[in-house]
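>
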Amino acid sequence: MTIVATTSCAGTDDESDGHPTGANDASDGAVLEASDDSTFRDGSADSESLDGATQAAEWYPVAAGNDARLGLSSVWGSGKNDVWVVGASGSVLHWDGSTWRSTHLDTDQSLNVIGGSSPADVWIGSTADRIYHATGFANGKVQGALATPIIDVSTGLSLLSVWAASSNDVWFGGQPNGTTSLWATSTAEGESGWRPMTPTPENGFSGPTITGLWGNGTGGVWCVGAKPYPGPASYAAYSDGVIADSGLPTWLELDTQSKSPLNAIWAANATDVWSVGDYGVIRRFRGVPTPGTAWEIVASPTKQHLHGIWGSSSSDIWAVGDGGTFLHYDGTEWHSVPAVLPSGTVPNLFGIWGADASDIWAIGDGVVMHHERSATAGAPGGGT
Numbered sequence: 023m024t025i026v027a028t029t030s031c032a033g034t035d036d037e038s039d040g041h042p043t044g045a046n047d048a049s050d051g052a053v054l055e056a057s058d059d060s061t062f063r064d065g066s067a068d069s070e071s072l073d074g075a076t077q078a079a080e081w082y083p084v085a086a087g088n089d090a091r092l093g094l095s096s097v098w099g100s101g102k103n104d105v106w107v108v109g110a111s112g113s114v115l116h117w118d119g120s121t122w123r124s125t126h127l128d129t130d131q132s133l134n135v136i137g138g139s140s141p142a143d144v145w146i147g148s149t150a151d152r153i154y155h156a157t158g159f160a161n162g163k164v165q166g167a168l169a170t171p172i173i174d175v176s177t178g179l180s181l182l183s184v185w186a187a188s189s190n191d192v193w194f195g196g197q198p199n200g201t202t203s204l205w206a207t208s209t210a211e212g213e214s215g216w217r218p219m220t221p222t223p224e225n226g227f228s229g230p231t232i233t234g235l236w237g238n239g240t241g242g243v244w245c246v247g248a249k250p251y252p253g254p255a256s257y258a259a260y261s262d263g264v265i266a267d268s269g270l271p272t273w274l275e276l277d278t279q280s281k282s283p284l285n286a287i288w289a290a291n292a293t294d295v296w297s298v299g300d301y302g303v304i305r306r307f308r309g310v311p312t313p314g315t316a317w318e319i320v321a322s323p324t325k326q327h328l329h330g331i332w333g334s335s336s337s338d339i340w341a342v343g344d345g346g347t348f349l350h351y352d353g354t355e356w357h358s359v360p361a362v363l364p365s366g367t368v369p370n371l372f373g374i375w376g377a378d379a380s381d382i383w384a385i386g387d388g389v390v391m392h393h394e395r396s397a398t399a400g401a402p403g404g405g406t
């Protein structure tokens with residue numbers, strides 16, 4: 023069993039020094055070998071059975087029945103008894119509150135993102151021509167079928183983000199198809215399928231790659247990602263839902279104060295939005311977006327690429343990334359948090375989601391991790 027605790031090296035200049043160490047390289051922090059060989063947990067093990075070093079950790083790997091050789095890319099749930107994970111070669115994992123089950127969809131393609139609005143409204147994205155709409159999970163299988171494709175011919179364009187308020191209000195973002203990289207379900211009378219919603223690209227030729235989406239359910243939508251070369255790579259924009267004469271939403275691009283791509287977004291509410299990205303970048307936007315406003319630079323304790331963010335409140339936020347990185351924000355600052363990882367591995371982590379503050383899941387390179395508050399760790403981040 024390996025315990026990883028990344029060291030704190032907070033800074034605000036995200037591009038000035040350092041590079042991500044990547045998987046199987048924990049040079050950013052301390053690695054301790056614990057004496058307990060029972061690496062995997064069921065999410066509810068008694069902390070008294072663990073030695074002192076292991077009790078200091080707050081994250082543990084869970085035996086989920088998945089093939090550890092296949093990467094896992096995204097996690098989402100409608101509640102603590104309905105958690106979904108997707109990944110390489112059409113792999114799907116489902117947690118019903120007591121048991122993980124592993125299955126595959128009818129594809130060898132990677133399933134990149136998953137999101138939804140209820141147990142019966144789950145959306146899985148692979149490429150622009152392969153989208154699944156699941157209506158539940160039963161008898162060890164995904165219930166549902168292929169949805170109408172965004173593009174009805176194979177393009178190889180990956181879908182990298184999804185957000186859904188209902189089955190009639192679903193957004194996908196990903197790699198650009200020319201100027202278009204963001205789509206939403208069409209609500210126009212007589213129409214079905216998807217309509218482009220992408221902000222107008224600066225160079226008129228290629229849209230941004232959209233890697234993160236968040237909506238407030240009342241029309242407001244945030245998207246983050248990367249601009250096409252040349253120029254600064256970071257991208258973030260907001261739409262209040264107002265439709266312009268072009269038939270597209272009105273978008274306001276906001277200064278991220280970063281050149282690094284942003285990879286994920288989460289919001290505590292409509293006026294408190296967070297995003298994380300490459301080289302440990304953390305950004306926060308507070309208030310109502312207006313022309314000329316910018317994201318705040320937030321000190322980060324890592325230079326690793328960060329890929330996922332989720333929180334239960336504005337003072338309880340988690341981020342995950344390369345090199346087994348777990349970060350926690352306590353309302354004041356971000357800290358690195360120790361984690362027990364499968365023996366001999368330091369996986370990159372790509373997604374995080376929680377049912378509440380004490381029931382949180384993270385996934386990555388063939389691993390499913392669960393957050394547990396031990397008696398010694400106390401509140402989240404207390405072990406650092």
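Everything in the sequence shown is counted per our numbering, starting at 23 for the first residue and increasing by one.
Just so you know, even glycine gets a beta-carbon here, dropped at the ideal spot from N, CA and C.
#1: Val246 and Ala258 - do their beta-carbons sit closer together than 8 Å?
#2: Please state whether DSSP places Ser111 in a helix, a strand or coil.
#3: With respect to the beta strand (DSSP E) encompassing Lys163, which residues constitute its N-terminal and C-terminal limits?
#4: Determine the closest residue to Ala316 out of Trp216, Val295, Gly241, Thr240, with distance taken between C-alpha atoms.
#5: Would you call the CB atoms of Trp288 and Trp236 closer than 8 Å?
#6: In or out: Asp387 buried (at least 16 other Cβ within 10 Å) or exposed?
#7: List the residues that DSSP assigns as beta-bridge partners of Leu179.
#8: Indicate whether the contact test is met: 3 or more Cβ pairs, each with one atom in the region 170–180 and one in the region 101–121, closer than 8 Å.
#9: On the three-pair Cβ rule with 8 Å, is the region 341–350 touching the region 324–331?
#10: Just the Cα atoms here: how many angstroms apart are Leu179 and Val243?
#11: Buried or exposed: which applies to Ala321, given that a residue is buried once 16 or more other Cβ atoms fall within 10 Å of its Cβ?
#12: Pair every Cβ in the region 117–136 with every Cβ in the region 93–102, then say whether three or more of these pairs are closer than 8 Å.
#13: Taking 8 Å as the threshold (C-beta atoms), are Trp216 and Ser228 in contact?
#14: Taking only three categories from DSSP, how would you classify Tyr301?
#15: Mark Glu80 as exposed unless 16 or more other C-beta atoms lie within 10 angstroms of its C-beta, in which case mark it buried.
#16: Counting only the same chain and skipping the five closest in sequence on each side, list residues whose C-beta sits under 6 Å from that of Ser336.
#17: Taking the beta carbon of Ser380 as the centre, do at least 16 other beta carbons fall within 10 Å, making it buried, or is it exposed?
#18: Which full runs of the beta strand (DSSP E) of 3+ residues lie inside the region 265–330, going along the chain?
#19: Give me the Cα-Cα distance between Pro323 and Gly269, rounded to the nearest whole angstrom.
#20: For a test of the three-state rule: what should DSSP assign to Gly138, helix, strand or coil?
#21: What do you reckon, are the CB atoms on Trp390 and Pro83 nearer than 8 Å?
#22: Is the beta carbon of Gln131 sitting closer than 8 Å to the one on Thr149?
#23: Look at the Cβ atom of Gly166, then the Cβ atom of His155, and state whether they are nearer than 8 Å.
#24: Return the residue from the list Asp338, Ser297, Ala187, Asn161 that minimises the CA-CA distance to Gly234.
#25: So, with DSSP's three-state summary, where would you put Leu127?
#26: For Tyr251, name the three-state secondary structure that DSSP assigns.
#27: Going straight from the alpha carbon of Tyr251 to that of Asn199, what length do you get?
#28: Taking the beta strand (DSSP E) that Asn103 falls in, what are its first and last residues?
#29: Tell me whether Thr354 is buried or exposed, calling it buried when 16 or more other Cβ atoms sit within 10 Å of its Cβ.
#30: Taking the alpha carbon of Pro360 as the point to measure from, which residue in Ala377, His393, Asp128 has its own alpha carbon closest?
#31: What whole-angstrom Cβ distance do Val107 and Leu94 have, given they're in contact under 8 Å?
Checking against the coordinates, here is how it stands:
#1: Taking the sequence shown and counting its residues from 1, one reaches residue 258 at position 236. Taking the sequence shown and counting its residues from 1, one reaches residue 246 at position 224. Their beta carbons are under 8 Å apart, which means Ala258 touches Val246 by this criterion.
#2: As a position in the sequence shown, residue 111 is number 89, starting the count at 1. Reduced to three states, the DSSP call for Ser111 is helix.
#3: Indexing the sequence shown from 1 puts residue 163 at position 141. From DSSP, the beta strand (DSSP E) with Lys163 extends over 163–168.
#4: Translated into positions along the sequence shown, residue 316 becomes position 294. Out of Trp216, Val295, Gly241, Thr240, Val295 has the C-alpha closest to the C-alpha of Ala316.
#5: By 1-based counting over the sequence shown, the position of residue 288 is 266. By 1-based counting over the sequence shown, the position of residue 236 is 214. For Trp288 and Trp236, yes; Cβs fall inside 8 Å.
#6: If you number the sequence shown from 1, residue 387 lands on position 365. Under this definition Asp387 is a buried residue.
#7: Stepping through the sequence shown from its first residue, residue 179 is reached at position 157. None, per the DSSP bridge assignment.
#8: A contact between stretches requires three or more CB pairs, one per stretch, nearer than 8 Å, and the region 170–180 fails this requirement with the region 101–121.
#9: yes
#10: Taking the first residue of the sequence shown as position 1, residue 179 is located at position 157. Taking the first residue of the sequence shown as position 1, residue 243 is located at position 221. Within the model, the alpha-carbon separation for Leu179 versus Val243 is close to 22 Å.
#11: What you label residue 321 is simply residue 299 of the sequence shown in a count that begins at 1. Answer is exposed; the Cβ neighbour count stays below 16.
#12: yes
#13: Position 206 of the sequence shown holds residue 228. Position 194 of the sequence shown holds residue 216. Going by C-beta atoms, Ser228 is not nearer than 8 Å to Trp216.
#14: For the purposes of this step, residue 301 is taken as residue 279 along the sequence shown, with counting starting at 1. Residue state, collapsed to three classes: helix.
#15: Here residue 80 corresponds to residue number 58 of the sequence shown, with the count starting at 1. Taking all protein chains shown into account, Glu80 has 16 or more neighbouring C-beta atoms within 10 Å of its C-beta and is therefore buried.
#16: The sequence position of residue 336 within the sequence shown is 314, counting from 1. Within the same chain, Ser336 has close Cβ partners Ala290, Asp294.
#17: In the sequence shown, residue 380 corresponds to position 358, counting from 1. By the 10 Å Cβ count, Ser380 comes out exposed.
#18: 271–275, 284–291, 294–299, 304–308
#19: To locate residue 323, count along the sequence shown from 1; it is residue 301. To locate residue 269, count along the sequence shown from 1; it is residue 247. Taking the straight line joining both Cα atoms gives about 43 Å.
#20: The residue labelled residue 138 in the question sits at position 116 within the sequence shown. Residue state, collapsed to three classes: strand.
#21: Start at 1 with the first residue of the sequence shown, and residue 390 comes out as number 368. Start at 1 with the first residue of the sequence shown, and residue 83 comes out as number 61. It is worth fixing the name first, because residue 390 is Val in this sequence and not Trp. Their beta carbons are under 8 Å apart, which means Val390 touches Pro83 by this criterion.
#22: To locate residue 131, count along the sequence shown from 1; it is residue 109. To locate residue 149, count along the sequence shown from 1; it is residue 127. By the CB criterion at 8 Å, Gln131 and Thr149 fall inside the cutoff.
#23: Counted from its first residue, the sequence shown places residue 166 at position 144. Counted from its first residue, the sequence shown places residue 155 at position 133. Yes, these two residues count as a Cβ contact at 8 Å.
#24: Taking the sequence shown and counting its residues from 1, the one referred to as residue 234 is at position 212. Closest option to Gly234, Cα to Cα, is Ser297.
#25: Position 105 of the sequence shown holds residue 127. DSSP places Leu127 in coil when its eight states are reduced to three.
#26: Walking along the sequence shown from the start, residue 251 turns up at place 229. In this structure, Tyr251 counts as coil in the three-state DSSP scheme.
#27: Reading the sequence shown from its first residue, position 229 is the one you call residue 251. Reading the sequence shown from its first residue, position 177 is the one you call residue 199. Their Cα atoms are separated by approximately 15 Å.
#28: If you number the sequence shown from 1, residue 103 lands on position 81. Annotation: Asn103 is outside any beta strand (DSSP E) and is labelled neither H nor E by DSSP.
#29: Taking the first residue of the sequence shown as 1, we reach residue 354 at position 332. So Thr354 counts as exposed.
#30: Stepping through the sequence shown from its first residue, residue 360 is reached at position 338. Minimum Cα distance to Pro360 is reached at His393.
#31: Taking the sequence shown and counting its residues from 1, one reaches residue 107 at position 85. Taking the sequence shown and counting its residues from 1, one reaches residue 94 at position 72. Indeed, because the Cβ distance is near 5 Å, the residues count as touching under 8 Å.
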